Structures are given as structure tokens and as C-alpha cells.
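For our numbering, count along the sequence shown from 1 and bump the result up by 4.
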Amino acid sequence: MLTDNNVSELVENMKIIFLGPIKKAEELLKGEVPVLCHICENGKATPTELARKYALSTARIATILNRLEAKELIVRVHDNRDRRKVFIYLTDKGKELATVKINALHQHMNDLLNMLGEEDGKEYIRLTRKVAAYMKQQL
């Protein structure tokens with residue numbers, strides 16, 4: 005049976021594994037890296053889409069987008085047919101930074117899997133796939 009200590013250890017380990025590479029991104033603040041990378045991988049996004057994806061309030065997303073815009077990493081473009089709808093696109097500077105962050109994350113994960121070795125690496129992937137499926141159901 006898992007104890008509260010097991011849960012606490014897991015939480016701390018997950019912070020190190022997943023937030024470690026993001027914390028190195030000193031030029032970006034909390035929440036900015038995932039938003040930037042999402043837009044890069046999808047070409048564009050809406051504030052509502054981002055809020056749903058990251059389970060954040062629209063106010064929190066607006067704050068993140070305002071900071072990214074101030075850093076000239078994104079631009080907001082109103083839909084021609086419905087001026088209420090806004091699409092978020094990356095600037096060239098934003099694309100460059102997002103690409104650097106995505107590549108760094110891939111390298112971090114590659115290093116992690118190499119450290120684990122083939123058998124443990126495959127098991128880690130299997131377990132994270134299972135956890136991801138569970139998390140998708142919860143959202």
C-alpha cells in the first residue's frame with residue numbers, strides 16, 4: 005500500500021524531472037514556456053484553447069499572453085469574420101525561442117532515457133503513457 009510519504013516523494017521527484025528544465029528558462033516565467041511551445045507546435049492558438057489545455061483561468065492566460073507580447077514573442081490577430089475571436093501567433097523571435105526550448109526538452113528526455121537504459125526507459129515510457137491517459141480523462 006502506498007503511503008503519504010510515497011506520494012510526497014513522487015511529487016518532489018516529478019518537480020525535479022519536469023520543472024527542472026523549465027526553471028532553467030530564466031528569460032521566461034511560470035506558464036510561459038508551455039504556452040509558447042503549444043503555439044509553436046500548433047501554428048496558432050486562441051486564449052480559450054490555451055486556458056482549457058492548461059486548466060488555467062482566462063485571466064491567468066491573459067497575463068501570460070501579455071508578458072509574451074511585451075517580450076515580442078507573440079502577436080494577437082483578430083479573426084476577419086468575427087472580431088471577438090483572437091488568434092495568437094508566434095513572432096520570428098518567439099518561434100526561435102520555442103524551438104530552442106522544445107529541442108532542450110527533447111534532449112533532456114533523451115538524456116533521461118539513456119541514463120535509465122533500454123529496459124527501464126521502455127518501462128518509464130509505458131508508465132508515463134498510462135499516467136497521461138489517466139490525466140486526460142480527469143480534464
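Where is the CB? At the ideal position from N, CA and C, for every residue including glycine.
As the structure is a computational prediction, the values presented were derived from the model and not from experiment.
| tyrosine 138 versus glutamate 13: straight-line alpha-carbon distance, rounded | 20 Å
**Asked** Hey, how far is the Cα of leucine 101 from the Cα of glutamate 45?
**Response** 13 Å
If the criterion is Cβ atoms closer than 7 Å, does the pair leucine 131 and glycine 125 meet it? no
Practice problem: Please report how far the alpha carbon of glycine 35 lies from the alpha carbon of alanine 66, in whole angstroms. | Solution: 11 Å
Can you tell me where the beta strand (DSSP E) with isoleucine 129 in it begins and where it stops?
Careful: isoleucine 129 lies outside any beta strand (DSSP E), inside the alpha helix (DSSP H) at 96-142.
Quick check: the Cα distance between leucine 94 and lysine 48, rounded to an integer number of angstroms? 8 Å
What's the C-alpha gap between leucine 72 and glycine 98?
8 Å
| request: Indicate the three-state DSSP secondary structure (helix, strand or coil) for arginine 80 in the structure shown. | output: strand
Could you tell me if valine 79 is buried or exposed, where buried requires 16 or more neighbouring beta carbons within 10 angstroms of its beta carbon? exposed
Can you give me the C-alpha to C-alpha distance between leucine 162 and valine 104, rounded to a whole angstrom? The question about residue 162 has no answer here: the residues shown for the chain are numbered 5 through 143.
Worksheet item: Does the stretch 82-90 come close enough to the stretch 54-65 that 3 or more CB-CB pairs lie under 8 Å?
Response: no
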